[in-house]
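Participant:
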Amino acid sequence: MVYHMLCEVAPEREKELDTFLTTKMKHFWLNNTGVSRFHVYGDRLANKMERIITIEVGDFGNFDKILALDERKALRAELMTIATNVQSRILEMIE
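Heads up: the sequence shown begins at 31 in this note's numbering, then just goes up one per residue.
#1: Can you check the region 47 to 103 for any beta strand (DSSP E) of at least 3 residues that lies completely inside it and give the ranges in chain order?
#2: By a C-beta neighbour count over all protein chains shown, 10 Å radius and 16 as the cutoff for buried, is I96 buried or exposed?
#3: May I have the straight-line CA-CA distance separating Y33 from G88, to the nearest angstrom?
#4: Can you tell me the Cα-Cα spacing of E38 and F50, whole angstroms?
#5: Less than 6 Å between C-beta atoms, sequence neighbours within five positions excluded: which residues of the same chain meet that for A113?
#6: Count the other CB atoms, across all protein chains shown, that sit within 10 Å of the CB of F90; report buried if there are 16 or more and exposed otherwise.
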């Protein structure tokens, strides 16, 4: 399964968000059992600065445990202070 997050960022906070995502967030997610990949993408076709984060997690059991962690909640709160319009979804591959 893939945990997918999308967020917008003001141009003056772009570097701050990128640093946060590629250091703190990446380190946290990749150090949890069942997480195999963490990627950050910039959407250059959008007319606003967006970041797409994809996190591959082995199964819902591991994912539920990670979601319950206080560290994950603190990182999410910090993300909300840097980025705007944060959206997330859980994707399952069909084919």
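All residues carry an ideal CB built from backbone N, CA and C; glycine is no exception.
Since this is a predicted model, take the numbers as computed values, not measurements.
Facilitator: With the structure as the only source:
#1: 65 to 72 and 80 to 87
#2: In the sequence shown, the residue the question calls residue 96 occupies position 66. Buried is the call here.
#3: Within the sequence shown, the letter at position 3 stands for residue 33. Within the sequence shown, the letter at position 58 stands for residue 88. Their Cα atoms are separated by approximately 11 Å.
#4: Position 8 of the sequence shown holds residue 38. Position 20 of the sequence shown holds residue 50. C-alpha separation (whole angstroms): 14 Å.
#5: Looking up residue 113 in the sequence shown gives position 83. Correct list, in chain order: C37, V39 and L47.
#6: The count along the sequence shown starts at 1 and reaches residue 90 at position 60. With fewer than 16 Cβ atoms within 10 Å of its Cβ, F90 is classed as exposed.
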